[in-house]
Amino acid sequence: MRFLIVSLFINIFIFGVSYSQPEKKEIDKEIKKLEKLRTEVQNLIKRNEEILKKIEEEKSKLEKERKEFEKYVKEVEDERYKKLAKVFEKMEPELAGQKISNMEDPKKAAYIIFNMKERSAGEVLNYVSPDMVNQITKILTDIKKNAK
């Protein structure tokens with residue numbers, strides 16, 4: 002667009018090209034069309050910038066809601082593990098150890114042990130399989146590192 006306008010002005014002013022009246026009218030028409038197109042493009046840019054701003058606001062709002070949701074899920078999980086720990090504390094240590102040894106996810110077992118009283122956890126771990134104890138110990142070490 003600018004190129005056309007500039008080239009027309011260069012032809013008119015620098016080279017001293019004289020145009021007849023019909024040619025001048027045609028050039029003026031083209032200039033008006035180009036100016037109209039320029040304003041339309043500027044309006045489109047403004048609208049798109051507004052839309053982009055709204056999208057960014059929604060994105061930040063969604064990110065905030067996601068963080069709040071993750072926090073809520075963590076709180077629910079923590080509460081669940083605390084309740085499970087109480088249940089395991091009330092079991093006989095041998096039975097609790099067998100149950101923990103049979104768990105598929107050592108992370109869940111570690112969180113249950115983590116939420117138990119130390120004395121009960123020690124008694125239960127005496128009856129847990131050595132492989133599971135090693136996995137639980139690694140996870141508990143990481144949990145305690147992250148807590149600090």
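Just so we're aligned: the sequence shown equals residues 2 to 149 in our numbering.
Backbone N, C-alpha and C fix where the C-beta goes; we use that ideal spot for every residue, glycine too.
This structure is a prediction, so every number in the text was calculated from the model and none was measured.
Ignore the nearest five residues each way along the sequence and tell me which others in K83's own chain have a CB closer than 7 Å to its CB. If we look at K83 and ignore the five residues flanking it on each side, its Cβ neighbours are N116.
So L85 and I113 are supposed to be a Cβ contact under 8 Å. How far apart are they, rounded? Going by Cβ atoms, the distance from L85 to I113 rounds to 5 Å, so yes, they are a contact pair.
When burial is assigned at 16 or more other CB atoms within 10 Å of the CB, is P107 buried or exposed? With 16 or more other CB atoms across the displayed protein chains lying within 10 angstroms of its CB, P107 is buried.
Straight-line gap, A111 to K72 (C-alpha atoms, nearest Å): When the Cα atoms are used, A111 and K72 turn out to be separated by approximately 20 Å.
D132 to N147 span [Cα, whole Å]: Computed Cα separation, rounded: 23 Å.
Check the C-beta distance from Y128 over to E95 and give it rounded, since I have them as a contact under 8 Å. Cβ-Cβ separation between Y128 and E95: approximately 5 Å, consistent with a contact (criterion under 8 Å).
Are S102 and S130 closer than 8 Å when you measure CB to CB? Their beta carbons are under 8 Å apart, which means S102 touches S130 by this criterion.
If you drop the 5 nearest sequence neighbours on each side, which residues of the same chain put their C-beta closer than 8 Å to that of N135? Closer than 8 Å at the Cβ level, and outside the excluded window around N135, lies no residue.
Check E93 in the structure and name its three-state DSSP category. If DSSP states are grouped into helix, strand and coil, E93 belongs with coil.
Extract the residue ranges of the alpha helix (DSSP H) inside the stretch 23–78, only unbroken runs of 4 or more that lie entirely within it. List check, alpha helix (DSSP H) in window: nothing returned.
Taking the alpha helix (DSSP H) that Y112 falls in, what are its first and last residues? In the DSSP assignment, Y112 falls within the alpha helix (DSSP H) that extends over 107–116.
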